[in-house]
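Since the structure comes first, as structure tokens, the remarks are kept for the end.
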Ligand SMILES: Nc1ncnc2c1ncn2[C@@H]1O[C@H](COP(=O)(O)OP(=O)(O)OP(=O)(O)O)[C@@H](O)[C@H]1O
Ligand SMILES: [Mg+2]
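Chains as they are written, first to last, in our numbering: chain X, 4 to 237; chain F, 996 to 1302.
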């Protein structure tokens, strides 16, 4: 479904991503793990065109999307939950969700989806009229995921949904991620928490200094001595 | 005649005009952090276009009502096009430049527009055709005219409409989202360029309306009139908290009233040393005080909220 070939990202002289190639099949959850500064966020940003890649191509559902603009990428069906959540602080929770549905015009269905998000995250329903900037980090993460789902994407890109959250909150969020995946959503999951990411995915890629150094089935990666040593603290 | 009440009324009228113009500054600043110093010139061109269109039609013997509507429409359309063009030609190429660059460009555009207006309309003061009937009312010892009443009414309605647009429509929501986080707004499918253009176009339309009001109120216009008006409206926007719509409205009205009261009492306060023609200093005293003690203005968000 998503095919990334030879993607290269640089900030001035810093080579953040060096010609990486990977793919995600329809209905799969794929983890992309790696240490701080490995280039994970840069990869997602280049796919959703928040930044320009220096080289390489991105195909989605067989169509080349490398040169589209961010506001067109979402219309192709790719929704990004950005690192650090990026909720609109001075919009209410409900307005943030409505922004997620910006590309849609079917008012009645949007209202239904809104209820669906509230069912995933009852906490958001309680806070529907509250400004998003006043939510806790975990609630903001819920909101960012709900907002991305509001566009009815074909694929979800998640950038470190567990970042800075208490274990209970991480668990709640991953429950929803797994539920969404079980409903057939294609997901590319970025995480520093390698164990969590690999346990929630079918396949995984390991990224180190801008390159993919390992890949395979998540279960096998979890058992790989190199991965265990480098990312699982063993 | 009660001078206090009278000056409040005068201030309210002038303040409504400041508020309309201040909204143009604040909308653009809220969305892209740019102070569009050419906005005062857009207002000036709105006034002068109305003089040409409505004046010509009245001279040709057409009904004043028709001439008024044609003048207003022409002014709004020209200003909207001007606002759109400014953004497209002058500011968009500088979107990622250091902040000083678009600021200097804005000052440059203001000079360009002034000179353009001078070439088209000349250096002389022009009389604004009377578009509204001359009527006076008296309430509790204070006088006001039909023109004053209509200015306050129309600007209140317009501002109400703007608030509805910004807080109740999809475009408005996209504008607010863009002002808070443009990168994420574009991830949601918002075409940032269109939203920024909309802010310029809407702000310019409000400016055109204000320009017609200024002309109707003072019955005189000039190619340099946009400078002082723009500076005061900018002050009003800063007073209310630049980037904040309600702030621009309140700041405008407040500044109008401060000025009017200042002009009414400056003679008494200085023992006749300074006359009411010194009223312009009040706006700048206000600006300096706000910048010194509360640079974020009355309704301003904490600095660092954007970025
Ligand atoms: N805007 C930028 N300007 C310059 N260098 C950048 C910029 N963004 C990222 N980098 C650099 O690019 C490299 C990759 O960064 P990236 O954010 O993609 O890493 P990451 O894998 O997401 O890390 P983390 O797990 O900490 O989020 C890092 O060395 C980083 O310092
Ligand atoms: Mg990252």
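Each residue gets a CB set at the ideal place from its N, CA and C atoms; glycine is no exception.
From a predicted model like this one, the values you see are computed outputs, not experimental measurements.
Neighbouring residues, chain F, relative to residue i (Cβ below 7 Å)
i	result
residue 102 of chain X	1168, 1172 and 1183
residue 142 of chain X	Those do not exist, as residue 142 of chain X stays about 17 Å from chain F at its closest Cβ, beyond 7 Å.
residue 98 of chain X	1168
residue 83 of chain X	1182
Contacts of residue i in chain F (Cβ-Cβ under 9 Å)
i	result
residue 3 of chain X	Here chain X covers residues 4 to 237 and nothing more, so residue 3 of chain X does not appear.
Residue environment, residue i, which counts as buried when at least 16 other CB atoms sit within 10 Å
i	result
residue 1005 of chain F	buried
residue 109 of chain X	exposed
residue 1162 of chain F	exposed
residue 1086 of chain F	buried
residue 1279 of chain F	exposed
residue 999 of chain F	exposed
residue 229 of chain X	exposed
residue 170 of chain X	exposed
residue 248 of chain X	Since the displayed chain X opens at 4 and closes at 237, residue 248 of chain X lies outside it and no answer follows.
residue 1054 of chain F	exposed
residue 1093 of chain F	exposed
residue 46 of chain X	buried
residue 1119 of chain F	exposed
residue 178 of chain X	exposed
residue 16 of chain X	exposed
residue 1164 of chain F	exposed
residue 1088 of chain F	exposed
residue 224 of chain X	buried
residue 124 of chain X	buried
residue 55 of chain X	exposed
residue 1010 of chain F	buried
residue 142 of chain X	buried
residue 23 of chain X	buried
residue 1095 of chain F	exposed
residue 116 of chain X	buried
residue 1102 of chain F	exposed
residue 1128 of chain F	exposed
residue 1239 of chain F	buried
Contact list for residue i against chain X, beta-carbon separation under 9 Å
i	result
residue 1239 of chain F	What residue 1239 of chain F touches in chain X: nothing, since even the nearest Cβ is about 10 Å away.
Contacts of residue i in chain F (Cβ-Cβ under 8 Å)
i	result
residue 173 of chain X	What residue 173 of chain X touches in chain F: nothing, since even the nearest Cβ is about 22 Å away.
Within chain X, partners of residue i - CB distance below 8 Å
i	result
residue 1175 of chain F	91, 92, 93 and 94
Presumed contact (8 Å Cβ cut-off) between residue i and residue j, rounded CB distance
i	j	result
residue 148 of chain X	residue 53 of chain X	The pair is not a contact, with the Cβ atoms about 18 Å apart (cut-off 8 Å).
residue 1216 of chain F	residue 1210 of chain F	5 Å
residue 220 of chain X	residue 162 of chain X	23 Å between Cβ atoms; not a contact.
residue 82 of chain X	residue 160 of chain X	7 Å
residue 1097 of chain F	residue 1029 of chain F	5 Å
residue 77 of chain X	residue 154 of chain X	6 Å
residue 1257 of chain F	residue 1277 of chain F	4 Å
residue 1185 of chain F	residue 105 of chain X	6 Å
residue 1002 of chain F	residue 1259 of chain F	4 Å
Three or more C-beta pairs closer than 8 Å, one from the segment 1044 to 1051 of chain F and one from the segment 1114 to 1129 of chain F: is that the case here?
-> yes
Just checking, does the segment 1185 to 1197 of chain F make contact with the segment 1243 to 1256 of chain F on the three C-beta pairs under 8 Å criterion?
-> Short answer: they don't touch.
Within 7 Å of chain F by C-beta, residues of the segment 50 to 80 of chain X in sequence order | Within the segment 50 to 80 of chain X, the qualifying residues are 51, 53, 73, 74, 77 and 78.
Could you tell me whether the segment 1134 to 1148 of chain F touches the segment 1231 to 1239 of chain F, using the rule of 3 or more Cβ pairs below 8 Å?
-> no
Decide if the segment 124 to 141 of chain X is in contact with the segment 88 to 108 of chain X; the criterion is three or more beta carbon pairs, one per stretch, under 8 Å apart.
-> In short, these stretches touch, since the Cβ pair count reaches three.
Evaluate the contact criterion for the segment 1170 to 1184 of chain F versus the segment 1029 to 1046 of chain F: three or more CB pairs, one atom per stretch, below 8 Å.
-> no
Taking one C-beta from the segment 191 to 198 of chain X and one from the segment 23 to 41 of chain X each time, how about it: are there three or more such pairs within less than 8 Å?
-> yes
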